[in-house]
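A.B. asks: Input: one structure, supplied below.
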Amino acid sequence: MNYLYYPGCSLEGTSAEYDISTRLLMAAAGVQLEEIEDWSCCGATAAESQSHLLSYVLPARNLALAEKMNRSKEILVPCSACYLNLKKTEAIIKKDKPLLKKINTVLAEEDLVLKGEMKVRHLLDVLSNDVDIEKIKAGSHHKMKDLVVAPYYGCQCLRPFKIFDDPEDPHSMDALIQATGASVFDWDMGGQCCGASNTSTKPEAGMALVGNILKAAHGADAILTVCPMCQMNLESNQKKISHKEGLDLDIPVLFLPQFLGLAMGKTLTDVRLDLNLSNTRAFTEKAI
Amino acid sequence: MGQTTNDRLLAMTETAKEMVGTCIQCGTCTASCPNTEFMDITPRHMWRLLLTDHMDAIFSSKSFIMCSSCYYCTLRCPRGLELTAAMSLLKQAASKLELKQFRRSSLFYKSFLDSVKKHGRVKEMEFMTQYFMAMKNPVLPFAYAVLGLKLLSKGKVHPEFPFGSKGKLTALFNKVAELEG
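Chains E and C, in that order, are what the protein sequence lines are. Start counting at 1 in the first sequence, then tack on 2, and there's your number in my numbering. Start counting at 1 in the second sequence, then tack on 15, and there's your number in my numbering.
Shown next, in the form of structure tokens:
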């Protein structure tokens with residue numbers, strides 16, 4: 003299995019452990035990743051709040067660079083926001099030819115052409131549909147069976163495109179978690195919104211959503227995420243919200259590939275658990 | 016709101032208006048939105064105001080700027096309307112006209128995109144520094160200080176200041192601006 007790889011900006015900085023653990027897990031599962039050469043930002047939610055055309059040009063530049071490499075026709079994306087921006091562009095250029103023409107007029111500035119050959123895949127899609135789950139099962143060690151973990155999907159890998167999971171009632175992480183021997187925490191917050199950038203620009207509203215998720219996760223040994231924005235929101239606001247609500251909402255939050263990597267015998271250093279912002283001690287004491 | 020601003024808003028929101036043209040006012044969007052608690056006008060009400068050209072009411076409220084792009088309304092709308100995309104068009108209009116009440120969000124996004132234009136990728140420290148400078152609020156950085164220091168200590172962000180650099184994506188950004196007018 004070969005995929006082109008689009009890490010996105012967060013995975014170069016604030017979520018470096020997501021990048022490292024994704025590459026590690028994929029190598030362990032026998033999947034080859036090749037990074038898109040000279041990739042640039044997908045526009046995040048910033049571009050679509052400023053300019054319609056720019057919000058398609060920024061992802062389009064990366065799709066065009068991927069086409070130019072002439073390798074795999076599938077792009078693996080771990081960040082849900084990047085995934086959605088690239089996916090939206092993949093979808094709209096199939097229907098809106100005048101927009102494609104406009105996009106190409108802009109891309110011509112860099113001598114790039116977008117044809118529309120690439121298929122964009124989320125990491126969770128690839129993990130639950132392409133990767134042989136026996137490889138995860140075979141590597142898993144016995145201590146994982148004591149853990150109960152809460153799968154958190156967030157929004158943009160599920161909606162608006164219904165590709166690999168039920169956008170109202172997601173369960174694609176269940177089988178992966180169970181393959182490690184751990185149990186799935188029973189909750190209905192998996193597909194709820196973490197507040198996205200509202201936690202920065204409208205903190206009152208953003209924190210309320212994060213608080214709801216942290217409260218509902220009470221009783222789980224960890225929350226697993228598949229998006230840097232969700233991870234940042236759930237990890238970096240625990241103290242603030244705990245203080246405000248007079249509750250102890252501290253909970254380890256791990257990226258899914260960090261968890262799967264550990265289950266397959268990788269070390270804490272391998273998956274860079276030291277980079278997580280939440281306190282992961284309670285989790286590691288039980289799991290390792 | 017002045018007459019010119021009102022006319023410009025009418026022109027800029029024309030596409031959004033077309034997008035919600037077949038709204039039946041069922042309120043599924045409002046019931047599905049995680050942020051209604053912080054809105055002064057509900058999403059359902061806002062679509063009606065849009066269809067009846069009440070720009071004053073829409074743009075003196077902060078409802079659409081509260082949208083966190085969770086796509087529940089888009090997923091559930093029985094008419095299949097792309098409501099999250101329509102929200103973005105309202106955000107674009109507010110930002111382009113530099114309406115005062117949306118300054119914080121607009122400057123946040125603008126600072127982000129400036130960093131992207133310059134480097135091709137977003138540099139978090141630079142973008143936040145630029146945002147703080149643009150907001151001209153000396154107290155604002157303190158709200159981010161604890162997180163910023165934690166990220167620095169883990170080597171996840173690097174001190175960078177918004178000066179210099181020739182601009183990796185300047186040609187693309189300029190062409191977009193030229194085409195969008």
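Note that CB positions come from ideal geometry on N, CA and C, so glycine has one too. No experiment lies behind these values; they were computed from the predicted model shown.
I want to know whether the segment 138–154 of chain E touches the segment 65–78 of chain E - three or more CB-CB distances under 8 angstroms.
C.D. replies: no
A.B. asks: For residue 163(E), which three-state DSSP category applies?
C.D. replies: Here residue 163(E) corresponds to residue number 161 of the first sequence, with the count starting at 1. Three-state DSSP puts residue 163(E) in coil, outside helix and strand.
A.B. asks: Find the residues of chain E that neighbour residue 144(C), judging by a C-beta separation of less than 7 angstroms, and give them in chain order.
C.D. replies: To locate residue 144(C), count along the second sequence from 1; it is residue 129. Neighbours of residue 144(C) on chain E: none; closest Cβ ~14 angstroms, over 7 angstroms.
A.B. asks: What number of angstroms, rounded off, separates the C-alpha of residue 161(C) from the C-alpha of residue 61(E)?
C.D. replies: As a working mapping, residue 161(C) is identified with position 146 in the second sequence. As a working mapping, residue 61(E) is identified with position 59 in the first sequence. One C-alpha to the other measures close to 32 angstroms.
A.B. asks: Please report how far the alpha carbon of residue 108(C) lies from the alpha carbon of residue 73(C), in whole angstroms.
C.D. replies: On the second sequence, residue 108(C) is found 93 positions in, with the first residue counted as 1. On the second sequence, residue 73(C) is found 58 positions in, with the first residue counted as 1. Going from the Cα of residue 108(C) to the Cα of residue 73(C) covers about 11 angstroms.
A.B. asks: Have a look at residue 107(E) and residue 137(C) and give me their C-alpha separation to the nearest angstrom.
C.D. replies: By 1-based counting over the first sequence, the position of residue 107(E) is 105. By 1-based counting over the second sequence, the position of residue 137(C) is 122. Cα to Cα, the separation comes out at about 24 angstroms.
A.B. asks: Residue 162(C) touches chain E at which residues, Cβ-Cβ below 7 angstroms?
C.D. replies: Position 147 of the second sequence, counted from the first residue, corresponds to residue 162(C). Per Cβ cutoff of 7 angstroms: 238.
A.B. asks: Does residue 169(C) get closer than 8 angstroms to chain E when you measure Cβ to Cβ?
C.D. replies: The residue you call residue 169(C) lines up with position 154 of the second sequence. Yes, contact with chain E.
A.B. asks: Three or more C-beta pairs closer than 8 angstroms, one from the segment 16–36 of chain E and one from the segment 267–286 of chain E: is that the case here?
C.D. replies: Contact check between the segment 16–36 of chain E and the segment 267–286 of chain E: three or more CB pairs, one atom from each, fall below 8 angstroms, which counts as touching.
A.B. asks: Can you give the beta carbon distance from residue 229(E) to residue 44(E), rounded, assuming they're within the 8 angstroms contact cut?
C.D. replies: Here residue 229(E) corresponds to residue number 227 of the first sequence, with the count starting at 1. Here residue 44(E) corresponds to residue number 42 of the first sequence, with the count starting at 1. So it is not a contact: roughly 13 angstroms between Cβ atoms.
A.B. asks: When DSSP labels each residue in this structure, what does residue 95(E) get in the three-state scheme?
C.D. replies: Stepping through the first sequence from its first residue, residue 95(E) is reached at position 93. Residue state, collapsed to three classes: helix.
A.B. asks: Looking at C-beta atoms only, is the number of pairs between the segment 170–182 of chain E and the segment 197–211 of chain E that lie closer than 8 angstroms three or more?
C.D. replies: no
A.B. asks: With DSSP run on the structure shown, which of helix, strand or coil describes residue 19(C)?
C.D. replies: Position 4 of the second sequence, counted from the start, is the residue given in the question as residue 19(C). If DSSP states are grouped into helix, strand and coil, residue 19(C) belongs with the helices.
A.B. asks: Contact between the segment 115–124 of chain E and the segment 181–189 of chain E is defined here as three or more beta-carbon pairs at a separation below 8 angstroms; is this criterion met?
C.D. replies: no
A.B. asks: Within its chain, find whatever has a CB closer than 8 angstroms to the CB of residue 36(E); leave out the 5 residues flanking it on each side and keep chain order.
C.D. replies: Here residue 36(E) is taken as the residue at index 34 of the first sequence, counted from 1. Counting only Cβ-Cβ distances below 8 angstroms, and skipping sequence neighbours, we find 4, 5, 6, 7, 71, 73, 74.
A.B. asks: Is the closest heavy atom of the ligand SAM to the C-beta of residue 118(E) under 7 angstroms?
C.D. replies: Annotation note on the ligand SAM: not contained in the displayed structure, which lists no ligands.
A.B. asks: Could you name the residues of chain E that residue 81(C) contacts, counting a contact when the two beta carbons are closer than 9 angstroms?
C.D. replies: In the second sequence, counting from the first residue as 1, residue 81(C) sits at position 66. Those are 200, 204, 207, listed as they occur along chain E.
A.B. asks: Applying the criterion that 16 or more other CB atoms from any shown protein chain within 10 Å of the CB defines a buried residue, is residue 220(E) buried or exposed?
C.D. replies: In the first sequence, residue 220(E) corresponds to position 218, counting from 1. Exposed, since its Cβ has fewer than 16 Cβ neighbours within 10 Å.
A.B. asks: Let me make sure I understand the geometry here. Which of 286(E), 48(E), 279(E) has the alpha-carbon closest to that of residue 18(E)?
C.D. replies: Counting from one through the first sequence, the residue named residue 18(E) turns up at place 16. Of the listed residues, the one whose Cα sits closest to residue 18(E) is 279(E).
A.B. asks: Since residue 79(C) and residue 48(E) are thought to touch, with beta carbons under 8 angstroms apart, how far apart are those beta carbons, to the nearest angstrom?
C.D. replies: Indexing the second sequence from 1 puts residue 79(C) at position 64. Indexing the first sequence from 1 puts residue 48(E) at position 46. Not really, about 16 angstroms apart at Cβ, beyond 8 angstroms.
A.B. asks: Just verifying my parser: in three-state terms, what is the DSSP assignment at residue 136(C)?
C.D. replies: Here residue 136(C) refers to the residue found at position 121 of the second sequence. Correct three-state label for residue 136(C): coil.
A.B. asks: Just grab the DSSP bridge partners of residue 185(E) for me.
C.D. replies: Numbered from 1 along the first sequence, position 183 holds the residue referred to as residue 185(E). Beta-bridge pairing links residue 185(E) to 150(E).
A.B. asks: Quick one: list the residues of chain C neighbouring residue 81(E), beta-carbon separation under 7 angstroms, in chain order.
C.D. replies: Residue numbering aside, residue 81(E) sits at position 79 when the first sequence is read from its first letter. Result: empty, since nearest Cβ-Cβ is about 12 angstroms, beyond 7 angstroms.
A.B. asks: Tell me whether residue 67(C) is buried or exposed, calling it buried when 16 or more other Cβ atoms sit within 10 Å of its Cβ.
C.D. replies: Counting from 1 along the second sequence, the entry for residue 67(C) is found at position 52. So residue 67(C) counts as exposed.
A.B. asks: Can you pull the chain C residues whose beta carbon is under 9 angstroms from the beta carbon of residue 18(E), in chain order?
C.D. replies: As a position in the first sequence, residue 18(E) is number 16, starting the count at 1. Within chain C, the residues near residue 18(E) are 169, 170, 171.
A.B. asks: Does DSSP put residue 278(E) in a helix, a strand or coil?
C.D. replies: As a first step, residue 278(E) must be located in the first sequence, where it is residue number 276. Looking at residue 278(E) - three-state DSSP - the assignment turns out to be coil, as it is neither helix nor strand.
A.B. asks: Below 8 angstroms, how does it come out for the segment 87–105 of chain C and the segment 140–159 of chain C: are there three or more Cβ pairs, yes or no?
C.D. replies: no
A.B. asks: Please report the residue range of the beta strand (DSSP E) in which residue 123(E) lies.
C.D. replies: What you label residue 123(E) is simply residue 121 of the first sequence in a count that begins at 1. It spans 121–124 - the beta strand (DSSP E) in which residue 123(E) sits, taken as one unbroken run.
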